[in-house]
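Chains Y and C supply the protein sequences, listed in that same order.
Reminder that position 60 of the first sequence reads as 60 in the numbering used here, one-by-one numbering, no gaps.
Just so we're on the same page, the numbering used here is the position in the second sequence counted from 1, plus 192.
See structure below.
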Amino acid sequence: MSDADLVARARQGDAAAFGALVDLHRSAVYRAARAALHSHEEAEDAAQDAFVIAYQRLGSFRGEASFKTWLLTIAWRQAISRRRALTRWWARIAPANRNDPDPAIGGDVAHPDPSPEAAAAGSELGRAIVHEIRALPPKLRDALLLAQSGELSYEEIAAITKSPVGTIKWRVSEARKKIKARLVERGFSDVG
Amino acid sequence: MWDEEIDNAARQATSGEPGGDLRARVLARLETTRRSRAPGIAVAVAAAAAIAAAIWVQRVKQVQQVQQVQQVQQVQQVQQVQQVQQIQQTQAVQGGRRAPDAPQVRRVEETANQLRVQRVGLTRIPPINMDTRPLSRPVVAVPVAPGVAAAIEGASPPPLALEAVHVPILVASPALDVGELVTSPLEIEEIKVTDLTGQ
């Protein structure tokens, strides 16, 4: 059954149809939220909020974009809103520790297990790359992480961030360029 | 080489899956929201209805009060007009003279909806006692003359015998006698200049 059919049934109050939509798009929604929030718990909460809001706003979905794009736009807004709230909270409770990592972008203080990128950062280079990704300006970091999430095309990223496709591509490229420049400054050499 | 490392790190930064119970949690939240909304909507509707009813009752009261005030004002205006008419009749009976303590009626304006009396100093209407009982006998015109008794013939019942009717005679005042007008030139003896500042 297609998204359109499931949406039509969900609009008529069919909870099972909406449940099927949740199952179909849960990974994409979660990863989009994760690109903005970094924390697993925060991303999961944002995804849950996004699905609830999407259900409540099903009446306003006109089918101009795909349901997935519409849903991811809601999820992205939720994640960005949550990230801003976390950043404000962090600035309020830790004004004297400005150098501490912001949990919204990489502190991951609430997660006892090692984060996925921590596992990837087995080497010194890996740790440096993870550090430089966190240090990127938000727009560059968001574009890079969304593009590498494996769930979104450049067109979908452009739609949910309300930016032109060319801008998204430039941001991804610029993010790589900045990370590489920082790695050189830190003394790493590209052997590839 | 670094591009691959960067992409790999970014990919792993967004890797992972939501909990397996995400669907169940979402549906549970939707159910909870729906249940909590139903009483909320009912309360909101009831509150809105109560507010609307209160506003309606208040409006009705206001309209009734306005109508009462308008009725009182109309009655007062009619009474005032009647009183003015009575005063005018009284003045006509008194030979066109206005009673000393009669109110001064300045202007009566009639508008489309109401009769409004604009008055100045009309704070107290003196009681007017008029004998409005019908006459017991027909009115007969009696020619009279100063110092001559009137006699009416053929009147039935016999008319009143008037011994005398005194009619005041207006006598013109004697003409103002102005003597010879004498004019004399103004004589100025001295002009004194006074400094208002006292110096």
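Glycine residues also receive a C-beta, built at the ideal position from the N, C-alpha and C atoms.
Here the structure is a predicted model, which is why all the values come from computation and not from measurement.
| request: Determine, using beta carbons only, whether Y:S39 comes closer than 8 Å to chain C. | output: No, Y:S39 does not count as interfacial toward chain C.
| task | Please report how far the alpha carbon of C:Q274 lies from the alpha carbon of C:I243, in whole angstroms. | result | About 46 Å.
| query | Run through DSSP, which three-state label would Y:K169 get? | reply | Helix.
| Proximal residues of chain C, C-beta to C-beta of Y:G150 below 9 Å | The answer, in chain order, is R203, T206 and S207.
| query | For the alpha helix (DSSP H) that Y:D49 lies in, which residues bound it at each end? | reply | H40 to Q56 is the extent of the alpha helix (DSSP H) around Y:D49.
| Comparing the C-beta of Y:L125 with each C-beta of chain C, is any distance below 8 Å? | Residue contact check for Y:L125 against chain C: a CB pair falls below 8 Å.
| message | Can you pull the chain Y neighbours of C:P210, defined as C-beta to C-beta under 7 Å? | response | Chain order gives the chain Y residues near C:P210 as R26, Y30, E44 and A47, where near means a beta carbon separation below 7 Å.
| field | Within chain Y, partners of C:R217 - CB distance below 8 Å | value | The answer, in chain order, is Q48.
| query | For C:T206, which of helix, strand or coil comes out of DSSP? | reply | Secondary structure of C:T206 (DSSP, three-state): coil.
| Hey, how far is the Cα of Y:V165 from the Cα of Y:A147? | Taking the straight line joining both Cα atoms gives about 11 Å.
| request: Note down, in chain order, each residue of its chain lying with its Cβ closer than 6 Å to the Cβ of Y:Y55, except the 5 sequence neighbours on either side. | output: For Y:Y55, same chain residues with a beta-carbon under 6 Å away, outside a window of 5 residues either side, are F18 in chain order.
| Closest residue to Y:E151 among C:E196, C:A202 and C:D195 (Cα-Cα distance) | Minimum Cα-Cα distance from Y:E151 among the listed residues C:E196, C:A202 and C:D195 corresponds to C:A202.
| query | Three-state secondary structure (DSSP) at Y:L86? | reply | Three-state result, Y:L86: helix.
| query | Grouping DSSP H, G and I as helix and E and B as strand, with all else coil, what is Y:A32? | reply | It is helical.
| message | Which same chain residues end up closer than 6 Å to Y:I168 when comparing Cβ atoms and leaving out the 5 residues on each side of it in sequence? | response | Around Y:I168, the same chain offers A143, Y154, I157 and A158 as residues with beta carbons nearer than 6 Å, after the five sequence neighbours per side are excluded.
| What residues of chain Y sit near C:R221, judged by a beta carbon separation below 8 Å? | For a Cβ distance threshold of 8 Å, residue set Q48 and V52 of chain Y lies close to C:R221, ordered along the chain.
| Given that C:D195 touches chain Y, what residues does it touch there, using C-beta distances under 7 Å? | Those within 7 Å of C:D195 in chain Y are R176.
| query | Would you say the region 198-214 of chain C touches the region 23-35 of chain Y, given that touching needs at least three Cβ pairs under 8 Å? | reply | Enough Cβ pairs lie closer than 8 Å, so yes.
| request: Kindly indicate which residue of Y:E185, Y:F188 and Y:A75 has the alpha-carbon position closest to the one of Y:L37. | output: Cα-wise, what sits closest to Y:L37 is Y:A75.
| task | Using the Cα positions of Y:R141 and C:T224, report the straight-line distance between them to the nearest angstrom. | result | Between the alpha carbons of Y:R141 and C:T224 lies a gap of roughly 36 Å.
| request: Check the Cβ-Cβ distances between C:I437 and every residue of chain Y, and say whether any is below 8 Å. | output: With chain C covering 193 to 391 only, the question about residue 437 of chain C has no answer from this structure.
| said: Going by DSSP in three states, Y:E155 sits in which element: helix, strand or coil? | reply: Three-state result, Y:E155: helix.
| Coil, strand or helix - C:E137 by DSSP | Residue 137 of chain C lies beyond the residue range present for chain C, which begins at 193 and ends at 391; the question has no answer from this structure.
| request: Please check the pair Y:S149 and Y:R57, which I expect to be a contact at CB under 8 Å, by giving their CB distance rounded to whole angstroms. | output: Rounded to whole angstroms, the Cβ separation of Y:S149 and Y:R57 is 24 Å, and the two are not in contact under 8 Å.
| Does the pairing of the region 73-88 of chain Y with the region 36-50 of chain Y give three or more beta-carbon distances under 8 Å? | Short answer: they touch.
| chain D residues whose Cβ lies nearer than 7 Å to that of Y:I129 | Checking the listed chains, one finds no chain D in this structure; the protein chains it contains are Y and C.
| Between Y:V7 and chain C, is there a C-beta pair that is closer than 8 Å? | Not one chain C Cβ lies under 8 Å of Y:V7.
| Is it the case that the Cβ atoms of Y:F67 and Y:V7 are separated by a distance below 8 Å? | Their beta carbons are under 8 Å apart, which means Y:F67 touches Y:V7 by this criterion.
| task | Starting from Y:P137, follow the alpha helix (DSSP H) in both directions and report where the run begins and ends. | result | Where Y:P137 is concerned, there is no enclosing alpha helix (DSSP H), given that its DSSP letter is neither H nor E.
| request: With a threshold of 16 other CB atoms inside 10 Å of the CB of C:V249, please say whether the residue is buried or exposed. | output: If you draw a 10 Å sphere on the C-beta of C:V249, you find fewer than 16 other C-beta atoms in it, and that means exposed.
| request: Would you identify the three-state DSSP class for Y:K177, choosing helix, strand or coil? | output: Note: Y:K177 maps to helix in three-state DSSP.
| field | Y:E64, buried or exposed, once every other Cβ within 10 Å from all chains shown has been counted against 16 | value | Under this definition Y:E64 is an exposed residue.
| Is the beta carbon of Y:V52 less than 8 Å from the beta carbon of C:R221? | Less than 8 Å separates the beta-carbon of Y:V52 from that of C:R221.
| query | Given a threshold of 16 other Cβ atoms within 10 Å of its Cβ, counted over all protein chains shown, does C:E301 qualify as buried or as exposed? | reply | Model confidence at C:E301 stands at a pLDDT of 49, short of 50, so the residue's coordinates are unreliable and nothing is read from them.
| query | So with Cβ pairs under 8 Å, would you call Y:A94 a contact of chain C? | reply | So, not an interface residue.
| message | Cβ closer than 7 Å: which chain C residues qualify as neighbours of Y:D190? | response | Result: M193 and W194.
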